[in-house]
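**Q**
Residue numbers (our numbering): 10 to 125.
1. Between the C-alpha atoms of residue 75 and residue 69, what's the straight-line distance to the nearest angstrom?
2. Would you please state the rounded distance, in angstroms, between the beta carbons of residue 47 and residue 88? I believe it to be under 8 Å.
3. The alpha helix (DSSP H) with residue 106 in it runs from where to where?
4. So is residue 91 buried or exposed if we call it buried at 16+ other beta carbons inside 10 Å?
5. Could you check if residue 51 is buried or exposed, using at least 16 other CB atoms within 10 Å of its CB as the buried criterion?
Shown next, in the form of structure tokens:
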């Protein structure tokens with residue numbers, strides 16, 4: 010080893026193994042996927058956002074052997090943010106693209122009018 014390398018050797022920090030880094034990234038992707046699925050289910054079934062606070066705690070109890078469920082935290086504010094600022098833009102863009110290429114009509118008869 011050259012003398013210059015010996016001088017800088019104490020400042021060399023070992024880099025994490027690529028396998029460990031990939032495991033970490035896969036774990037993060039699993040969390041994101043779980044959050045998205047949870048948010049979509051809540052939106053589809055019109056569940057109250059408050060249920061998110063309790064479901065995160067219940068998941069870790071129901072699935073103690075799952076690292077994803079054990080560390081899954083998606084409370085009402087995070088779920089709201091995921092739906093309104095994350096997923097809604099994708100679905101809106103997808104819906105607009107479908108409507109641009111589909112013939113449709115709107116029928117308004119005011120039978121569901123709630124006010125005045």
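Don't be surprised by glycine CBs; every beta carbon is placed ideally from N, CA and C.
**A** Reading off the structure:
1. 8 Å
2. 7 Å
3. Residues 97 to 109.
4. Result: buried.
5. buried
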